[in-house]
Amino acid sequence: MCCTSVLDKDGVSAAAIAGEMVSFLATKNKSLSQKLSAIYEEYGYHISKNSYFICHDQKVIHSLFERLRNFSGKPDSYPTECGRFCISAVRDLTTGYDSNQPDNKAVLPTSRSSQMITFTFSNGCVATMRTSGTEPKIKYYTELCAAPGNSDVTHLKKELDDLVEAIIENFFEPTKNKLQPKPE
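Given below as structure tokens:
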């Protein structure tokens, strides 16, 4: 969003602002790519990897998310790790649970009609698993926000790839749950 009101849904205003930025940078003999690299160096690299699984069985979807909510057999006993990755916080916007809040109550809006759990990892990665409201999909969104100066992009991408693999194996369990991967 480029202003206080959103006048379009397809990114037209963002494209116009990006065009202005490219034009301005050209007056400084800089490219958009050079500016982005400078931003990464100052603020750290932000890398994301997102995809989904197809599942037509609502019972499987419910079971998958309930397993994550009752990981040790007790309510609100979410996983504390995923493979080699330690989980530092959990926010569940289906139930209203947020381990980052003093009272464990989410401050963001909650909805029992859809599934959505966000895991924050000690390495700076954040992963959100959620259902689609319009399609038979279980989506995941992952991002790694590296500290400034941590500019080994190959290592950072591998770290995020390894986390996604662990989430797929340990949380989604696609073989057990008969999930279909996103078509190539």
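Position one of the sequence shown corresponds to residue 3 (the working numbering), numbered consecutively onward.
Note that the Cβ used here is the ideal one computed from N, Cα and C, for glycine as well.
A quick note: this is a predicted structure, and the numbers were derived from the prediction, not measured.
Simplified DSSP state of residue i, which is helix, strand or coil
| i | result |
| --- | --- |
| PRO183 | strand |
| LYS30 | coil |
| TYR80 | coil |
| TYR99 | strand |
| SER50 | strand |
| PHE67 | helix |
Per DSSP, the bridge partner or partners of residue i
| i | result |
| --- | --- |
| VAL24 | Beta-bridge pairing links VAL24 to no other residue. |
| PHE87 | CYS84 |
| PHE55 | ILE140, PRO183 |
| VAL92 | PHE121 |
Candidates the options, of which the one nearest residue i by Cα
| i | options | result |
| --- | --- | --- |
| PRO138 | LEU110, HIS64, PHE26 | HIS64 |
| ARG132 | SER101, SER115, CYS147, ASN125 | SER115 |
| VAL92 | GLY85, ARG71, LYS76, GLY75 | ARG71 |
| SER53 | PHE174, LYS141, ILE119 | LYS141 |
| THR96 | PRO104, ASN102, PRO111, GLN182 | PRO111 |
Test item: CB-CB of residue i and residue j under 8 Å
| i | j | result |
| --- | --- | --- |
| PRO176 | PHE87 | no |
| LEU146 | ILE41 | no |
| SER153 | GLU22 | no |
| ASN179 | VAL24 | no |
| PHE67 | GLN117 | yes |
| CYS127 | LEU165 | yes |
**Request:** Any chance you could list the beta strand (DSSP E) runs of at least 3 consecutive residues sitting entirely within the region 103-178, in chain order?
**Result:** 118-123, 127-133, 139-147
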